[in-house]
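**Student:** Protein chains in written order, with our numbering: chain A, 1 to 348; chain B, 1001 to 1504.
Quick one: this structure, given as structure tokens, is what I'll be asking you about.
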Amino acid sequence: MAALRRLRGSNNEGVLALVLLGLIVAMSIANPTFFTLNTGFSILRSAIVPVIFALGVLIVVITGGIDVSFAAIAIFAGYATVSFCLNAGFDPGLPGIFAIAIGVGASLGFVNGIVIAQFSLPTLIVTLGTQGVFFGAMYTYVGASYYAELPGSMAALATSNLLDVTTSSGRAYLHLLVVPVLLLCLLVAWVLKRTMFGRSLYAMGGDLEAARRAGFQVKRTQVSVYMLVGALAAIAGVIHIVLSRSANPRDLVGGELDIIAAVVLGGASIFGGRGSVVGTVLGVLLVQVIKNSLLLVGVPSAWLRTAVGVLLVLGVGIQAIAARRDSRRMRVIEDLDSAQQHEQKVGS
Amino acid sequence: MTSMTTSQPPTPFVSARGISKSFGGVPALVNVSIDLIPGEVHCLAGENGCGKSTLIKIISGAERPDSGEIVIDGVSHAQINAHAAIQGGIQVIYQDFSLFPNLTVAENIVLTAEVASGRRLYSPGSVLPKAKAILQELELDLDLDREVGDLSVADKQLTAICRALVNDARAIIMDEPTTALTHTEVSRLFALVERLRARGVALLFVSHKLEEVLAVSQRLTIMRSGRQVVSGPTSEFDQRSISRHMTGREVDESRVVSDLDLTAPLALEVSKLSLAGAYRDVSFGLHRGEILGVTGLLGSGRTEIAESLFGVTPADEGEIRVGGKLVPIRTIQDAVTARIGYVPEDRLSQGLFLEKSIADNIVAASLESHRTRWGTLSRAGIATTIKQYFVGLKINAPNAQAPVRTLSGGNAQRVVLAKWLATAPTVLMLNGPTVGVDIGSKEEILELLRVEAAKGMSVIVISDDAPELVAACHRVLVIKQGRLTHTLEGDQITVDTIQERMSA
Ligand SMILES: Nc1ncnc2c1ncn2[C@@H]1O[C@H](COP(=O)(O)OP(=O)(O)OP(=O)(O)O)[C@@H](O)[C@H]1O
Ligand SMILES: [Mg+2]
């Protein structure tokens, strides 16, 4: 029983993994072209950017907030960095490019954090507002033109593969960038589990006032969280530009729902205090696989948004129902236990 | 303020001096001063809403005072934040526990200490022994891996207590730490308090149970409406004088019970009710207008019986008749349709919408009865109900629009009561109706139940507070290990008999 519970995971990660596996098996049976290394690698590649976004969203959601400005921050940071490098005609190399973008992203996140922490405003409204502000600011001050050429270091990264396998159905490439993303996942998981900063996020999501009373520096942490989301978004923004081999300021914004749905499907509670990296990654993969399968079976892409919307509602619904049933079952078991203990005492 | 008469006044570890605080113009504290002296338990007593918790929150840095200073170890602060207070060695068991429902018991216990230590890394393995040690010291058996949100109120309270004790605090403040505890747990806590005192810890203790106050403390401060009325060695007080200082009047806890009309029809008839593992073969009748006490130790099955009658955990066997008619109660909806009301034990988390106003909470359960012929709500009717209970229950708030979260613990309790009274049930079951309610209001609440009973409502009071049962009940049922063992009537209902039958 206990072992079973562990397998299920504290946020139903086990269930999610099963669903994912089931879906893959079903798709492979229905359509043999699905079950190829090619599809696998391309799904992984398409998950790189969403996973980074999702890590950021996971962090805010754990604290009980939400950030919908991450896509705007990502494209702002990525596009501004590229535009700066191209216009200045100098390539600072990948570390430099990422450093500039992260600086920009963290600063924009800082704006979110300060407004939210200082004025205790609802996080959804604030980030909805700043999303528009950031996007508008990019158009006005950075520019709106499309760059088909990237700085040399980024262009080189675009074509770097980790694996290059020749299969019967053609060659399959696994992009190099899955490695840093994996490392990033491990890092965030470690921070969440093994640092006081990580634990403070869960504490704040559980009860903000209690967190304050327990001595956590709630406001400072809130600001850091939004800066962190900004930084992660910036990384995702740069990687997105690398992977698409061009910088288009119209990209990314509008895809927030996919990420939030993935995080919620991954078991993070929209009410705060719950969520894990494993669940989040599984959630992202599930969304990618579903989108991929729907395309493969010929569902028009316009319906994909509907599908993601349904997934989001499903995820939240399952959470709510499970929470209610759990609390009821726990109570009954506990009452029975205590009563049985009494009976045993009488018997002896 | 009267000072101690010893030759050399001991130096306090923490003092609050001249603290004033008002909320939206309404003063909650006016020039209050209090000293916490190492090796001494200082009790804070006063009616609901007199400002005890507010004073505590100011000392612990959870609220800012408007004026006054907090002196810790000789250093004066105009205000402190929670972090500084904890680092200064002050630990608080808050009235609302302030735990993290999504974290495990172990984490809840150790997390504050880890924050205070300024550590950056967290290792689940290394904090576990600390949590285990404190459980052993208190002889508790809490499951350290359970999430706090899944615990019973009593276990939550125990977790909050452990958390305060796991830090090597120099001052421990306990805001009504015993409301959900059994006698054994209370005596263990008090034994621990003695040990802490011997170690030189300064303690501040708040309770509405005056016998606890007298048993545990060496010094007493009594407050009324945000002002300090009197301070002095506890030995100079007795229950009577404490309640007089608290309320400004004599409080009458004596038995006032109307003659029960035994020919009155039975409002509720329970026969051979059983629920596997909880209780067995319980049969009793409840007359119209009767106040029936149901008592027993924690875990005796008293709560489960009430929950079955309310359809929360339906009984396996037996019959329930309401007004002579057989009603199968399988769900809460069944019970509500049969006009049975239930005020649960864990009111603060189950019974209230904390962010909503008092008014909204009062009418939350009775909106249906205010429907007009056209299906719209009758504003006038709703306003009357709100006013009736807001005034009738003496809810202490600037007005009925104040959110329930801003109420003192005892006043929040009255709002729950008002909500259920407003549904005008034929049978109203109350589980611990006056836990955390001050002695003066307790009498008022009991009086209110008497009035409702006289008007024809049948009331079941589930409680282990013997004086309360004596004060109001026509009959008292004693439940032991899931069985109805005694039915006390008339002269048999005394504090001693009840306590004896309960535990014997
Ligand atoms: N955040 C707040 N906003 C507005 N009013 C408040 C707030 N907190 C407390 N009050 C008011 O201050 C007064 C004192 O409340 P407090 O909680 O200190 O009472 P208490 O003595 O602890 O009572 P109890 O015994 O019922 O716990 C009450 O009238 C309460 O309504
Ligand atoms: Mg209080």
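Ideal Cβ placement from N, Cα and C applies to all residues, glycine included.
(1) Quick one: give me the first and last residue of the beta strand (DSSP E) that Met1223/B is part of.
(2) State the DSSP-derived secondary structure class of Asp1360/B, mapped to helix, strand or coil.
(3) May I ask which residues mark the beginning and end of the beta strand (DSSP E) holding Val1282/B?
(4) Within the chosen definition, does the segment 1059-1077 of chain B reach the segment 1239-1257 of chain B through at least 3 CB pairs nearer than 8 Å?
(5) Which first and last residues belong to the beta strand (DSSP E) in which Asn1431/B is found?
(6) Who are the neighbours of Met196/A on chain B, taking C-beta pairs under 8 Å?
(7) Kindly indicate the opening and closing residues of the beta strand (DSSP E) around His1486/B.
(8) Take the Cβ of Tyr1342/B as the centre, count every other Cβ of all protein chains shown within 10 Å, and call the residue buried at 16 or more, exposed below.
(9) Near Gly152/A, what residues of its chain come up, given a Cβ to Cβ distance below 6 Å and the 5 sequence neighbours on each side ignored?
(10) Relative to ligand 1, is the shortest distance from any of its heavy atoms to the C-beta of Asn1048/B smaller than 6 Å?
(11) Identify which residue in Tyr226/A, Ser200/A, Val229/A, Gly230/A has its Cα closest to the Cα of Gln217/A.
(12) Taking the beta carbon of Leu1488/B as the centre, do at least 16 other beta carbons fall within 10 Å, making it buried, or is it exposed?
(13) Could you check whether the segment 1390-1407 of chain B touches the segment 1141-1150 of chain B, counting it as contact only if at least three pairs of C-beta atoms, one from each stretch, sit closer than 8 Å?
(14) Output needed for Thr1426/B: all residues of its chain with C-beta closer than 6 Å, excluding positions within five of it in sequence on either side, in chain order.
(15) Where are the alpha helix (DSSP H) runs, 4 residues long or more, that stay fully inside the segment 1177-1226 of chain B, in chain order?
(16) Given a limit of 7 Å on CB to CB distance, which residues of the segment 1038-1057 of chain B reach chain A?
(17) In the structure shown, what three-state DSSP assignment does Cys85/A receive?
(18) Using only CA atoms, which one of Phe1205/B, Ala1422/B, Arg1405/B lies nearest to Leu1367/B?
(19) Return the chain-ordered list of same chain residues with a C-beta closer than 6 Å to the C-beta of Ser327/A, the five sequence neighbours on each side being excluded.
(20) Quick check: the Cα distance between Ala261/A and Gly206/A, rounded to an integer number of angstroms?
(21) In the structure shown, what three-state DSSP assignment does Asn1108/B receive?
(22) Tell me which same chain residues have a C-beta within less than 6 Å of the C-beta of Val284/A, skipping the five on either side of it?
(23) Under 6 Å from any heavy atom of ligand 1, does the C-beta of Ser1053/B make it?
(24) List the whole-angstrom C-beta distance separating Val104/A from Phe76/A, where the pair is believed to meet the contact cut-off of C-beta under 8 Å.
(25) State yes or no: is the C-beta of Ser1408/B nearer than 6 Å to some heavy atom of ligand 2?
(26) Restricting to runs no shorter than 3 residues, where is the beta strand (DSSP E) found entirely within the segment 137-170 of chain A?
(27) Answer yes or no: do Ile1462/B and Val1476/B have a C-beta to C-beta separation smaller than 7 Å?
(28) Is the separation between the beta-carbon of Lys1480/B and that of Gly1296/B shorter than 7 Å?
(29) Have a look at the DSSP bridge pairing and note the partners of Gly1456/B.
(30) Applying a beta-carbon distance threshold of less than 7 Å, which residues of chain A neighbour Phe1013/B?
(31) Grouping DSSP H, G and I as helix and E and B as strand, with all else coil, what is Ser1021/B?
(32) By DSSP, does Pro1344/B sit in helix, in strand, or in coil?
(33) Where are the beta strand (DSSP E) runs, 3 residues long or more, that stay fully inside the segment 163-217 of chain A, in chain order?
(34) Span of the beta strand (DSSP E) holding Cys1043/B?
(35) In chain A, which residues lie with their C-beta within 9 Å of the C-beta of Leu1103/B?
(36) Rounded to whole angstroms, what is the Cα-Cα separation between Leu211/A and Val1110/B?
**Tutor:** For this structure:
(1) Counting from 1 along the second sequence, the entry for residue 1223/B is found at position 223. Per DSSP, Met1223/B belongs to the beta strand (DSSP E) from 1219-1224.
(2) Here residue 1360/B corresponds to residue number 360 of the second sequence, with the count starting at 1. The answer is helix: DSSP assigns Asp1360/B an H, G or I state.
(3) As a position in the second sequence, residue 1282/B is number 282, starting the count at 1. Per DSSP, Val1282/B belongs to the beta strand (DSSP E) from 1279-1287.
(4) Because the criterion of three Cβ pairs below 8 Å is not met, the segment 1059-1077 of chain B and the segment 1239-1257 of chain B do not touch.
(5) Within the second sequence, the letter at position 431 stands for residue 1431/B. Residue range 1427-1431 is occupied by the beta strand (DSSP E) that includes Asn1431/B.
(6) As a first step, residue 196/A is located in the first sequence; it is residue number 196 there, counting from the start. By Cβ distance, chain B contributes Glu1114, Val1115, Arg1119, Arg1120, Leu1121, Tyr1122.
(7) For the purposes of this step, residue 1486/B is taken as residue 486 along the second sequence, with counting starting at 1. Per DSSP, His1486/B belongs to the beta strand (DSSP E) from 1483-1489.
(8) Locating residue 1342/B in the second sequence gives position 342, where the first residue counts as 1. Buried, because 16 or more other Cβ atoms sit within 10 Å of the Cβ of Tyr1342/B.
(9) As a working mapping, residue 152/A is identified with position 152 in the first sequence. Excluding the 5 residues flanking it on each side, Gly152/A has same chain C-beta neighbours closer than 6 Å at Asp91, in chain order.
(10) Here the question's residue 1048/B lines up with position 48 in the second sequence. For Asn1048/B, the shortest separation between its Cβ and any heavy atom of ligand 1 lies below 6 Å.
(11) Numbered from 1 along the first sequence, position 217 holds the residue referred to as residue 217/A. The residue among Tyr226/A, Ser200/A, Val229/A, Gly230/A with its C-alpha nearest the C-alpha of Gln217/A is Ser200/A.
(12) Here the question's residue 1488/B lines up with position 488 in the second sequence. Buried: at least 16 other Cβ atoms inside 10 Å.
(13) Between the segment 1390-1407 of chain B and the segment 1141-1150 of chain B there are fewer than three inter-stretch CB-CB distances shorter than 8 Å, so the stretches are not counted as touching.
(14) Residue numbering aside, residue 1426/B sits at position 426 when the second sequence is read from its first letter. These residues qualify, in order along the chain: Ala1267, Arg1339.
(15) Counting only runs of at least 4 residues, the segment 1177-1226 of chain B fully encloses the following alpha helix (DSSP H) elements, listed from N- to C-terminal order: 1183-1198, 1210-1216.
(16) Residues passing the 7 Å Cβ filter: none.
(17) Locating residue 85/A in the first sequence gives position 85, counting from the first residue. Three-state DSSP puts Cys85/A in a helix.
(18) Taking the second sequence and counting its residues from 1, one reaches residue 1367/B at position 367. Selection Phe1205/B, Ala1422/B, Arg1405/B evaluated against Leu1367/B yields Ala1422/B as nearest (Cα-Cα).
(19) Mapped onto the first sequence, residue 327/A falls at position 327. Caution applies to Ser327/A, whose pLDDT of 48 falls short of 50 and renders its modelled position unreliable; the value that the coordinates give is listed next. Setting aside the 5 residues that flank it on each side, Ser327/A has no residue in the same chain whose C-beta is closer than 6 Å to its C-beta.
(20) Along the first sequence, one-based indexing puts residue 261/A at 261. Along the first sequence, one-based indexing puts residue 206/A at 206. One C-alpha to the other measures close to 21 Å.
(21) Locating residue 1108/B in the second sequence gives position 108, where the first residue counts as 1. Three-state result, Asn1108/B: helix.
(22) By one-based count along the first sequence, residue 284/A stands at place 284. For Val284/A, where only same-chain residues beyond five positions count, the Cβ hits under 6 Å are Ala47, Pro50, Val51, Ala54, Ala262.
(23) The residue you call residue 1053/B lines up with position 53 of the second sequence. Indeed, a heavy atom of ligand 1 lies less than 6 Å from the Cβ.
(24) The count along the first sequence starts at 1 and reaches residue 104/A at position 104. The count along the first sequence starts at 1 and reaches residue 76/A at position 76. Right, their Cβ atoms sit about 7 Å apart.
(25) Here residue 1408/B corresponds to residue number 408 of the second sequence, with the count starting at 1. For Ser1408/B, the Cβ falls inside the 6 Å cut-off from some heavy atom of ligand 2.
(26) Entirely contained in the segment 137-170 of chain A, the beta strand (DSSP E) runs reaching 3 residues are, in chain order, 161-167.
(27) Along the second sequence, one-based indexing puts residue 1462/B at 462. Along the second sequence, one-based indexing puts residue 1476/B at 476. Not in contact: Ile1462/B and Val1476/B (Cβ atoms no closer than 7 Å).
(28) The residue labelled residue 1480/B in the question sits at position 480 within the second sequence. The residue labelled residue 1296/B in the question sits at position 296 within the second sequence. The Cβ atoms of Lys1480/B and Gly1296/B sit closer than 7 Å to each other.
(29) Numbered from 1 along the second sequence, position 456 holds the residue referred to as residue 1456/B. Gly1456/B has no beta-bridge partner at all, per DSSP.
(30) Mapped onto the second sequence, residue 1013/B falls at position 13. Chain-ordered listing is empty here: chain A has no CB closer than 7 Å to the CB of Phe1013/B, the nearest sitting near 19 Å.
(31) Position 21 of the second sequence holds residue 1021/B. A quick correction: the sequence has Lys, not Ser, at residue 1021/B. If DSSP states are grouped into helix, strand and coil, Lys1021/B belongs with the strands.
(32) For the purposes of this step, residue 1344/B is taken as residue 344 along the second sequence, with counting starting at 1. Here Pro1344/B sits in coil by DSSP.
(33) Within the segment 163-217 of chain A, complete beta strand (DSSP E) segments of at least 3 residues are found at 170-175, given in chain order.
(34) In the second sequence, residue 1043/B corresponds to position 43, counting from 1. Counting along the chain, the beta strand (DSSP E) containing Cys1043/B begins and ends at 1041-1046.
(35) Counted from its first residue, the second sequence places residue 1103/B at position 103. Those are Arg199, Tyr202, Ala203, Gly206, Gly273, listed as they occur along chain A.
(36) Mapped onto the first sequence, residue 211/A falls at position 211. Mapped onto the second sequence, residue 1110/B falls at position 110. Per the sequence shown, residue 211/A should be read as Ala rather than Leu. Using only the alpha carbons, I get a separation of about 13 Å.
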